[in-house]
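Protein chains: 2
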Amino acid sequence: MQLHKRDVVEAATSLLDNYGIADLSMRRLARELEVSPGALYWHFANKQQLLGAVADRILAPVGTDDSAAGDWRDRIVSTCGQLREALLSHTDGAELVSASFAAGQSKLMSDVLDRLSTAASEAGVAPANAELAARTVVYYLLGFTADEQSRMQWDAAGADVVRTVWTENPSARFAFGLRLLIDGIAAETEHVLEKTPKVRA
Amino acid sequence: MQLHKRDVVEAATSLLDNYGIADLSMRRLARELEVSPGALYWHFANKQQLLGAVADRILAPVGTDDSAAGDWRDRIVSTCGQLREALLSHTDGAELVSASFAAGQSKLMSDVLDRLSTAASEAGVAPANAELAARTVVYYLLGFTADEQSRMQWDAAGADVVRTVWTENPSARFAFGLRLLIDGIAAETEHVLEKTPKVRA
DNA sequence: ACCTGAACACCGTTCAAGT
DNA sequence: ACCTGAACACCGTTCAAGT
Numbered sequence: 468m469q470l471h472k473r474d475v476v477e478a479a480t481s482l483l484d485n486y487g488i489a490d491l492s493m494r495r496l497a498r499e500l501e502v503s504p505g506a507l508y509w510h511f512a513n514k515q516q517l518l519g520a521v522a523d524r525i526l527a528p529v530g531t532d533d534s535a536a537g538d539w540r541d542r543i544v545s546t547c548g549q550l551r552e553a554l555l556s557h558t559d560g561a562e563l564v565s566a567s568f569a570a571g572q573s574k575l576m577s578d579v580l581d582r583l584s585t586a587a588s589e590a591g592v593a594p595a596n597a598e599l600a601a602r603t604v605v606y607y608l609l610g611f612t613a614d615e616q617s618r619m620q621w622d623a624a625g626a627d628v629v630r631t632v633w634t635e636n637p638s639a640r641f642a643f644g645l646r647l648l649i650d651g652i653a654a655e656t657e658h659v660l661e662k663t664p665k666v667r668a
Numbered sequence: 468m469q470l471h472k473r474d475v476v477e478a479a480t481s482l483l484d485n486y487g488i489a490d491l492s493m494r495r496l497a498r499e500l501e502v503s504p505g506a507l508y509w510h511f512a513n514k515q516q517l518l519g520a521v522a523d524r525i526l527a528p529v530g531t532d533d534s535a536a537g538d539w540r541d542r543i544v545s546t547c548g549q550l551r552e553a554l555l556s557h558t559d560g561a562e563l564v565s566a567s568f569a570a571g572q573s574k575l576m577s578d579v580l581d582r583l584s585t586a587a588s589e590a591g592v593a594p595a596n597a598e599l600a601a602r603t604v605v606y607y608l609l610g611f612t613a614d615e616q617s618r619m620q621w622d623a624a625g626a627d628v629v630r631t632v633w634t635e636n637p638s639a640r641f642a643f644g645l646r647l648l649i650d651g652i653a654a655e656t657e658h659v660l661e662k663t664p665k666v667r668a
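Protein chains in written order, with our numbering: chain P, 468 to 668; chain G, 468 to 668.
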């Protein structure tokens, strides 16, 4: 039978889940699908593009529910929560999406960026800075989650030394950093509204 | 003559500067040094460790001058400025340091983290959260700079479409995101001091 | 249109054996 | 102690040729 793009992406995702990003190679994927390596290049221009498709598969659940409701703070929190959850649902998910985002290969990651930008605008951030505020949130989220996930995997593999103050309560820790950014965005708003620097404690 | 660790790191750095991270392979490095690939494994356990040494070479200029002076805001700004400058001074510097940091192979990156943590503590962030605040800054810095640098390189390679609002005035854009984080840290302080949420605009 | 076979030009790492 | 030679087990990508 014919090989379809979506079969390839599905096989790639299960390779990722079962063996991790290091073992997600074009050759191994071809072997799994019982085709020759060259066959994949009929459907995808290169590996980056294929990984981008896997990234978008991982990100599919993001932004499907309530993330359009509430004020700008609620929307940032819920979008980020969904995004983090999606990344944590696949082995090396954060690393893969991070790489695809950096390479400009993930359409859905751009969508997330747009929604965060809108939220930042609504918070009162100047239009020229809204996307940057959104990116700041995304850089944090990807860095934090990739870190968290690699520690989890080390941990599951039985390495000690890793289980410090660091590995416990990752959701609360994640929320703390996100709060920092949200407070920063709110402060930026005040600059604009009050035309004066925020009062120091 | 004998091969020394520091010769290897130096050759690796010049390979990086001239050809980029994709061409920084153990085999190519060995060829450049006119030794067999196996020789490198006498001096370094693996490629990751060697890249960590290159990362620390890149980071050597960070924190050598005035970055211990001033209040906590000044110290964060100057440490981050020096760090970003060091990364931009080498082809793919941000990507390489980012990878080494994630792999826990850069001693100097840990030092930077410590200094940012101290600054955050001084700002009034609770001890348990100070390192996290520092990490948030580092995740932002690495994400932003890697992005900036890859655009610069695309741009220098003659790609258009890249030169949008995005590529202009990167230092001002960097400062904006950093300000967001600093304001967020300051707001966190207020929570602690006033024991009440920050007033909304 | 879609895929195979085979090649090209590489990788990181190990290790017996040499000096 | 330090390095070579050679091997092991892989990579991503291309492309003439087949169906």
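Every residue, glycine too, gets a C-beta built ideally from N, C-alpha and C.
Please report the distance separating the alpha-carbon of Asn485 (chain G) from that of Arg498 (chain P). Taking the first residue of the second sequence as position 1, residue 485 (chain G) is located at position 18. Taking the first residue of the first sequence as position 1, residue 498 (chain P) is located at position 31. Here the alpha carbon of Asn485 (chain G) sits roughly 36 Å from the alpha carbon of Arg498 (chain P).
Out of P:Ser573, P:His557, P:Ile543, P:Val529, which one is the CA nearest neighbour of Gln515 (chain P)? Position 48 of the first sequence, counting from 1, holds the residue named residue 515 (chain P). For Gln515 (chain P), the closest alpha carbon among the candidates P:Ser573, P:His557, P:Ile543, P:Val529 is that of P:Ser573.
N- and C-terminal bounds of the alpha helix (DSSP H) containing Met576 (chain P): Against the first sequence, residue 576 (chain P) aligns to sequence position 109. Note, Met576 (chain P): alpha helix (DSSP H), 574-590.
Taking 8 Å as the threshold (beta carbon to beta carbon), is Leu648 (chain P) in contact with chain G? Indexing the first sequence from 1 puts residue 648 (chain P) at position 181. It does: the Cβ of Leu648 (chain P) has a partner Cβ on chain G nearer than 8 Å.
Could you check whether the segment 610-625 of chain G touches the segment 574-592 of chain G, counting it as contact only if at least three pairs of C-beta atoms, one from each stretch, sit closer than 8 Å? Short answer: they don't touch.
Using the three-state DSSP reduction, which class does Leu648 (chain P) fall into: helix, strand or coil? In the first sequence, residue 648 (chain P) corresponds to position 181, counting from 1. It is helical.
If you measure from the beta carbon of Ala561 (chain P) to each beta carbon in chain G, is any gap under 8 Å? As a working note, residue 561 (chain P) is residue 94 in the first sequence. No, Ala561 (chain P) does not count as interfacial toward chain G.
So does the segment 482-496 of chain G actually touch the segment 542-555 of chain G, counting three or more Cβ pairs closer than 8 Å? The segment 482-496 of chain G makes no contact with the segment 542-555 of chain G; the number of CB pairs closer than 8 Å stays below 3.
Could you name the residues of the same chain whose beta carbon sits closer than 6 Å to that of Gly519 (chain P), not counting the 5 residues immediately before and after it, in chain order? Indexing the first sequence from 1 puts residue 519 (chain P) at position 52. If the five residues before and after Gly519 (chain P) are omitted, its C-beta is found closer than 6 Å to the C-beta atoms of Ser567, Gln572, Ser573, all from its own chain and listed in chain order.
Rounded to a whole number of angstroms, what is the C-alpha to C-alpha distance between Glu589 (chain P) and Val529 (chain G)? Residue numbering aside, residue 589 (chain P) sits at position 122 when the first sequence is read from its first letter. Residue numbering aside, residue 529 (chain G) sits at position 62 when the second sequence is read from its first letter. Distance from the CA atom of Glu589 (chain P) to the CA atom of Val529 (chain G), rounded to whole angstroms, is 37 Å.
Determine, using beta carbons only, whether Arg551 (chain G) comes closer than 8 Å to chain P. As a working note, residue 551 (chain G) is residue 84 in the second sequence. Proximity of Arg551 (chain G) to chain P, defined by a Cβ-Cβ separation below 8 Å, is not satisfied.
Could you pull out every residue in the same chain whose Cβ sits closer than 6 Å to the Cβ of Gly560 (chain G), ignoring the five residues on either side in sequence? Here residue 560 (chain G) refers to the residue found at position 93 when the second sequence is read from its first residue. Contacts found: Ile525, Leu554.
Under 7 Å Cβ-Cβ, which residues of chain P neighbour Ala613 (chain G)? Numbered from its first residue, the second sequence carries residue 613 (chain G) at position 146. Those within 7 Å of Ala613 (chain G) in chain P are Ala569.
Please classify Arg669 (chain P): is it buried, with 16 or more other beta-carbons within 10 angstroms of its beta-carbon, or exposed? With chain P covering 468 to 668 only, the question about residue 669 (chain P) has no answer from this structure.
Determine, for Phe511 (chain G), whether the minimum Cβ-Cβ distance to residues of chain P falls below 8 Å. Locating residue 511 (chain G) in the second sequence gives position 44, where the first residue counts as 1. Among the CB atoms of chain P, none fall inside 8 Å of the CB of Phe511 (chain G).
Within 8 Å (strictly less), CB to CB, does Ala566 (chain G) reach chain P? Along the second sequence, one-based indexing puts residue 566 (chain G) at 99. Contact of Ala566 (chain G) with chain P is not assigned, every C-beta pair being separated by 8 Å or more.
Starting from Trp621 (chain G), trace the alpha helix (DSSP H) both ways and give me its first and last residue. Taking the first residue of the second sequence as 1, we reach residue 621 (chain G) at position 154. Bounds of the alpha helix (DSSP H) holding Trp621 (chain G) are 594-623.
Closest Cβ-Cβ distance between Ala536 (chain G) and chain P: below 8 Å? Numbered from its first residue, the second sequence carries residue 536 (chain G) at position 69. Under the 8 Å criterion on CB atoms, Ala536 (chain G) is classed as non-interfacial with respect to chain P.
Same chain, Cβ closer than 6 Å to Ala586 (chain P), five either side skipped, listed in chain order: Mapped onto the first sequence, residue 586 (chain P) falls at position 119. If you ignore the 5 residues before and after Ala586 (chain P), its C-beta comes within less than 6 Å of the C-beta of Trp539, Arg542, Ile543, all in its own chain and listed in chain order.
Would DSSP call Leu554 (chain P) helix, strand or coil? Here residue 554 (chain P) corresponds to residue number 87 of the first sequence, with the count starting at 1. Helix at Leu554 (chain P).
Cβ of Ile543 (chain P) less than 8 Å from any chain G Cβ? Taking the first residue of the first sequence as position 1, residue 543 (chain P) is located at position 76. The beta carbon of Ile543 (chain P) sits no closer than 8 Å to any beta carbon of chain G.
So what's Gly537 (chain P) in DSSP terms, helix, strand or just coil? Indexing the first sequence from 1 puts residue 537 (chain P) at position 70. Note: Gly537 (chain P) maps to coil in three-state DSSP.
Among P:Val605, P:Ile488, P:Val476, P:Phe511, nearest to Ile649 (chain P) - alpha-carbon criterion: Here residue 649 (chain P) refers to the residue found at position 182 of the first sequence. P:Val605 is the residue among P:Val605, P:Ile488, P:Val476, P:Phe511 whose C-alpha sits nearest the C-alpha of Ile649 (chain P).
If I follow the unbroken alpha helix (DSSP H) through Trp633 (chain G), where does it start and stop? On the second sequence, residue 633 (chain G) is found 166 positions in, with the first residue counted as 1. Per DSSP, Trp633 (chain G) belongs to no alpha helix (DSSP H) and is neither H nor E.
Residue range of the alpha helix (DSSP H) that includes Gln515 (chain P): The residue given as residue 515 (chain P) occupies position 48 in the first sequence. Where Gln515 (chain P) is concerned, the enclosing alpha helix (DSSP H) stretches over 514-526.
Any Cβ of chain P within less than 8 Å of the Cβ of Asn438 (chain G)? Residue 438 (chain G) is absent from the structure shown; chain G starts at 468 and stops at 668.
Could you give the distance in angstroms between the alpha-carbon of Lys662 (chain G) and the alpha-carbon of Ala595 (chain G)? Locating residue 662 (chain G) in the second sequence gives position 195, counting from the first residue. Locating residue 595 (chain G) in the second sequence gives position 128, counting from the first residue. At Lys662 (chain G) the pLDDT is 43, less than 50, meaning the model places this residue with poor confidence and gives no usable figure here.
Does chain G have any CB closer than 8 Å to the CB of Arg640 (chain P)? Position 173 of the first sequence, counting from 1, holds the residue named residue 640 (chain P). Any Cβ of chain G closer than 8 Å to the Cβ of Arg640 (chain P) would place that residue at the interface, and such an atom is present.
Own chain, CB closer than 7 Å to Ala613 (chain G), minus 5 neighbours either side, in chain order: One-based indexing of the second sequence puts residue 613 (chain G) at position 146. Result list for Ala613 (chain G): Ala561, Glu562, Ser565, in chain order.
Check the Cβ of Leu575 (chain P) against every Cβ in chain G and list those closer than 8 Å, keeping chain order. Residue numbering aside, residue 575 (chain P) sits at position 108 when the first sequence is read from its first letter. Neighbours of Leu575 (chain P) across chain G, judged by C-beta separation under 8 Å, do not exist; the nearest C-beta is about 18 Å away.
Closer than 8 Å to chain P by CB, Leu609 (chain G): On the second sequence, position 142 is the one that residue 609 (chain G) refers to. Yes, its Cβ sits closer than 8 Å to a Cβ of chain P.
Helix, strand or coil for Glu562 (chain P)? Go by DSSP, reduced to three states. Start at 1 with the first residue of the first sequence, and residue 562 (chain P) comes out as number 95. Glu562 (chain P) sits in a helix when the DSSP states are folded into three classes.
Close beta carbons around Lys550 (chain P), own chain, < 7 Å, minus the five adjacent residues each side: Locating residue 550 (chain P) in the first sequence gives position 83, where the first residue counts as 1. One detail in the question is off: residue 550 (chain P) reads as Leu in this sequence, not Lys. Answer for Leu550 (chain P): Val529, Val579, Leu608, listed in chain order.
When you compare each of P:Val475, P:Ala522, P:Gly537 to Tyr508 (chain P) by their alpha carbons, which one comes out closest? Position 41 of the first sequence, counting from 1, holds the residue named residue 508 (chain P). With distances taken between Cα atoms, Tyr508 (chain P) lies closest to P:Val475.
Residue span of the alpha helix (DSSP H) that contains Val476 (chain G), given as start and end: Sequence index remark: in the second sequence, residue 476 (chain G) carries index 9 (1-based). Per DSSP, Val476 (chain G) is one residue of the alpha helix (DSSP H) stretching across 472-486.
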